[in-house]
Amino acid sequence: MSRSPKSIAQLLLLNPAKMNRTLAAVGLRTFTVLAHHNRLPGRRVLSSLIHDANNVKINLATSSGLILSVPRRSVSTPVNTVVKFVPHQEAWIIERMGKFHRILEPGLNVLVPFLDRIRYVQTLKEIAIEVPKQTAITNDSVPLSLDGVLFVRIVDPYKASYGVEDPEFAITQLAQTTMRSELGKISLDNVFRERETLNSHIVAAINNASAAWGIACMRYEIRDIHLPQNVQEAMQMQVAAERKKRAAILESEGVRESNINVAEGKKRAQILASEAVKAETMNIAEGEAAAIVAKAEARATGLKNVAQALQEVQGSDAASLMLAEQYVSAFSNLAKETNTVIIPNATNDIAGSVTQAMAIYKNVSSSFGGGGQQQRENGQNGKLKAASSLRKGQSD
């Protein structure tokens, strides 16, 4: 059953005896009763509200209002009976005649009437505590407003009951002070960059201090971080500048890659062109070499045939006819040129020139006559030399 703060305040002011049960049913952490002092049913209400049930704190803020602060996990203690059933994951603190006696474990338990009293009820479950927003200053003097969530578990119900008055309030204050201390050690950039590290440091610091309270901090999470307006604008400008820088770098890298690709393409084209020229030159050279070889083979075959013909009957007559034709052809070619000077010779005596050439041929042929195949080959070479000498004399 839920009630509004106004109705709760009226109920408490009119019937203080029901305050403890009402607060436990509503489960509120704090609420404020704003009532003018003329509306209060006398100052005696303050004395009637003072008691120690469930660690309820009562403070008179002003003469016109009353502030009641109640733990968030405010749970009413069960009614003292002989037989009690303790729920799972709960620990009940029993006092006998005002002194700690024992801790009831989950299950069936028996109490001594009038002597044993259920003083505290502690839950052993992990609970989440909201850490209120607070202001802290970083190492580089930047103010921050941040809040978080703290996850804790009671590991020692005795220490949680008698080691601290309000465990939840104490652990919250410890988390706030630890957060401010840890934020003062790092810069603003590291707050966002090393968030997990900051959370682990806060958990370690809280566990060192809360060990005497029987509370273990499981983890701490920073929920929201609020920056001043000028810092946010500066960070946005920094982010924009960083993006422009990355864009310029990427653009320059793109231009560089493009130039490299163009240069590589030109280099490859030149290599391919040079290889093509090389292949063309080699093909031309091979063709010319093949042509020279073919011409030489044809000339050798022709000379061989001429030599064989000269060895036959009337070979000399054929040689004389060939020499006469070459002689006349040479002088015909010389007559075509106007800048050619002919050394005086018996140009009009063609028969004499042929006779002279044939005499040279016969001398060479007779000098190599007889002696088998080698002599015939030498004779053929001599005839070829004689014909060459004759052509040379004609050209001179």
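Take 104 as the starting number for the sequence shown in the working numbering and just add one per residue.
Where a beta carbon is used, it is the ideal one built from N, C-alpha and C, also for glycine.
Item, Value
"Thinking C-beta only, is Thr226 closer than 8 Å to Val294?", "no"
"Check whether the Cβ atoms of Val255 and Ile325 lie closer than 8 Å to each other.", "no"
"Taking 8 Å as the cut-off, does the segment 346-355 touch the segment 253-268 (at least 3 CB pairs, one atom from each stretch)?", "no"
"Compare the C-alpha of Gly266 against each of Lys407, Tyr223, Ala401 and Lys369 and name the closest.", "Tyr223"
"Hey, quick one: how far does the alpha helix (DSSP H) through Pro260 stretch, first residue to last?", "Pro260 to Tyr265"
"Between Ile309, Val186, Ile232 and His329, which lies nearest to Leu249 when the distance is taken from Cα to Cα?", "His329"
"Considering only C-alpha positions, which residue in the set Ser284, Ala315 and Thr275 is nearest to Pro260?", "Ala315"
"Could you tell me the alpha carbon to alpha carbon distance between Ile305 and Ser361, rounded to whole angstroms?", "52 Å"
"By Cβ distance, which residues of its chain are closer than 7 Å to Lys288, with the 5 residues on each side in sequence left out?", "Asn242"
"Since Ile232 is in the alpha helix (DSSP H), which residue starts that stretch and which ends it?", "Taken as a continuous stretch (DSSP letters only), Ile232 belongs to no alpha helix (DSSP H), being part of the beta strand (DSSP E) at Ile230 to Ile240."
"DSSP state of Gln192, grouped into three classes?", "coil"
"Would you call Ser313 buried or exposed, if buried means 16 or more other Cβ atoms sit within 10 Å of its Cβ?", "buried"
"Which first and last residues belong to the beta strand (DSSP E) in which Ser248 is found?", "Pro246 to Ile257"
"Distance check for Val342 and Ala351, CA to CA, integer angstroms please.", "14 Å"
"Is the beta carbon of Asp269 within less than 7 Å of some heavy atom of the ligand GTP?", "With respect to small molecules bound, the structure shown includes none, and the ligand GTP cannot be examined in it."
"Please report the straight-line C-alpha distance between Val189 and Val215, rounded to a whole angstrom.", "16 Å"
"What are the boundary residues of the alpha helix (DSSP H) that Phe203 is part of?", "Per DSSP, Phe203 belongs to no alpha helix (DSSP H); it is in the beta strand (DSSP E), Lys202 to Leu207."
"Need the endpoints of the alpha helix (DSSP H) that Leu301 sits in, please.", "Arg298 to Ser313"
"Please report how far the alpha carbon of Glu193 lies from the alpha carbon of Ser303, in whole angstroms.", "28 Å"
"Per DSSP, which one or two residues make a beta bridge with Gln225?", "Ala194"
"Out of Phe217, Lys202 and Lys187, state which residue places its alpha-carbon closest to the alpha-carbon of Glu208.", "Lys187"
"Just to confirm, is the Cβ distance from Thr230 to Ile274 under 8 Å?", "Looking at the sequence shown, residue 230 is not Thr but Ile. For Ile230 and Ile274, no; Cβs fall outside 8 Å."
"Please report the straight-line C-alpha distance between Asn212 and Asp327, rounded to a whole angstrom.", "46 Å"
"Does DSSP put Val396 in a helix, a strand or coil?", "helix"
"Tell me the DSSP bridge mates of Ile328?", "Leu249"
"Looking at Val245 and Val334, is the spacing between their C-beta atoms short of 8 Å?", "yes"
"Look up Ser177 in the DSSP assignment and say whether it is helix, strand or coil.", "Note that Ser177 scores a pLDDT of 46, beneath 50, so its modelled location is shaky; the value from the coordinates is reported in the next line. Three-state result, Ser177: coil."
"Assign Ala393 to one of two classes, buried (16 or more other C-beta atoms within 10 Å of its C-beta) or exposed (fewer than that).", "exposed"
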